[in-house]
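Notes to accompany the following structure.
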Amino acid sequence: MPETLSIGGGQGPDPVGVTMSVAAVAARTARVNPRLAGLALALAFMAPATGHAAGLINGSFEQPGGAPIRAVLSNNDTTVTGWTAHDSSFSTYYESSGQDGIDAADGTYYVSFGHNGATGASLTQSIDTLLGAIYTLNYQIRLQQGSDPLSGFQVSASTGDSVYSGDATAAAWTEGAALTFTGTGSSVTLTILDSTVGGGGSNLAIDNLRLSSVGGVSGGGAGGVPEPASWALLIAGFGGAGGMLRARRRHERRGLAA
Ligand SMILES: [Ca+2]
Numbered sequence: 302m303p304e305t306l307s308i309g310g311g312q313g314p315d316p317v318g319v320t321m322s323v324a325a326v327a328a329r330t331a332r333v334n335p336r337l338a339g340l341a342l343a344l345a346f347m348a349p350a351t352g353h354a355a356g357l358i359n360g361s362f363e364q365p366g367g368a369p370i371r372a373v374l375s376n377n378d379t380t381v382t383g384w385t386a387h388d389s390s391f392s393t394y395y396e397s398s399g400q401d402g403i404d405a406a407d408g409t410y411y412v413s414f415g416h417n418g419a420t421g422a423s424l425t426q427s428i429d430t431l432l433g434a435i436y437t438l439n440y441q442i443r444l445q446q447g448s449d450p451l452s453g454f455q456v457s458a459s460t461g462d463s464v465y466s467g468d469a470t471a472a473a474w475t476e477g478a479a480l481t482f483t484g485t486g487s488s489v490t491l492t493i494l495d496s497t498v499g500g501g502g503s504n505l506a507i508d509n510l511r512l513s514s515v516g517g518v519s520g521g522g523a524g525g526v527p528e529p530a531s532w533a534l535l536i537a538g539f540g541g542a543g544g545m546l547r548a549r550r551r552h553e554r555r556g557l558a559a
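Letter by letter, the sequence shown follows residues 302 to 559 of the working numbering.
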């Protein structure tokens, strides 16, 4: 059985703490098997600079410090912190509670699409992902004005995964269909696209995007490195392999002596 080795230094992504604690594991490994010390120390110096991949920024479209009551988002507009708007038809509005008699689903602000008879505008955000992690993106949609029966968002990730939100025909916030995708170990771009068929029949709003993930390790992409927990497993695995080798040698020596 390999010894149980844990990396200390708390849960935070403190690179110094991670490096020191991995070095401590290396020192312990050296006591167990000096041959592994060099490898473990080398791993310590390769310890990750950050412990966790970044998540979604500002999924609720909030704007600390205030924002316009109603602002048209133009093409390549970055008014909404964390997001880039893609629109050239005065279609996308950044709004606060009270506009057109509706409140944000979460917080004070939300984004609405489909104004001025347009469709096809989008919001994008790129996130860092963990390799192999399963991501789920949840969000809320609602009708703002009008009554187009085929009014909704195509929600997609640059991994190729895509889902239709369902029609935003209810005059109340409802959950859109969740998007799931697998992390690549590098950047993935999320896109919220107004895919209303026909366009202009209604305005639809979106708010309260939430991204969650299960499992995965960093690395796999260019320049990626494993998470601290992965390092712990890796080094513990080396320790276990060394222990098995020593046990086998002891067994062989006993066999020779007999
Ligand atoms: Ca909000």
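Ideal Cβ placement from N, Cα and C applies to all residues, glycine included.
All values derive from a computational prediction rather than experimental measurement.
Which first and last residues belong to the beta strand (DSSP E) in which residue i is found?
i, result
"Asp495", "Ser488 to Asp495"
"Ser459", "Premise fails: Ser459 is in no beta strand (DSSP E) and is neither H nor E."
"Ala506", "Ser503 to Val515"
"Ala372", "Arg371 to Val373"
"Glu396", "Tyr394 to Ser397"
"Val412", "Tyr410 to Phe414"
"Ala386", "Thr385 to His387"
"Gly447", "Ile435 to Gly447"
"Ile403", "From DSSP, Ile403 is part of no beta strand (DSSP E); its letter is neither H nor E."
"Phe482", "Leu480 to Thr483"
"Gln426", "Ser423 to Asp429"
Please go through the same chain and pick out, in chain order, the residues whose beta-carbon is closer than 6 Å to the beta-carbon of residue i, but skip the five residues on each side of it.
i, result
"Val381", "Phe362 and Tyr395"
"Asn359", "Thr382 and Gly383"
"Thr492", "Ser423, Thr425 and Ser457"
"Ala472", "Leu444"
"Ala506", "Tyr411, Ser413, Arg443 and Gln445"
"Val515", "Ile435"
"Ser427", "Ser488 and Thr490"
Within its chain, find whatever has a CB closer than 8 Å to the CB of residue i; leave out the 5 residues flanking it on each side and keep chain order.
i, result
"Arg371", "Tyr394, Tyr395, Glu396, Ser397 and Gln400"
Could you give the C-beta distance for residue i and residue j, rounded to a whole number, given that I count them as a contact under 8 Å?
i, j, result
"Asp495", "Ser389", "Actually they do not touch by this definition, with Cβ atoms about 13 Å apart."
"Asn509", "Ala479", "With 8 Å as the limit, Asn509 and Ala479 do not qualify as a contact, their Cβ atoms being about 13 Å apart."
Might you give, ordered along the chain, the residues of its own chain that have their beta carbon closer than 7 Å to the beta carbon of residue i, omitting 5 neighbours on each side?
i, result
"Thr379", "Thr385"
"Gly517", "Leu431, Leu432, Gly433, Ala434 and Gly484"
"Asp574", "No statement about residue 574 is possible, as the shown extent of the chain runs from 302 to 559 and does not include it."
"Asp462", "Leu480, Thr481 and Phe482"
Check your understanding: Using 8 Å as the threshold, is the stretch 445 to 456 in touch with the stretch 481 to 488, meaning 3 or more CB pairs across them?
Key -> Short answer: they don't touch.
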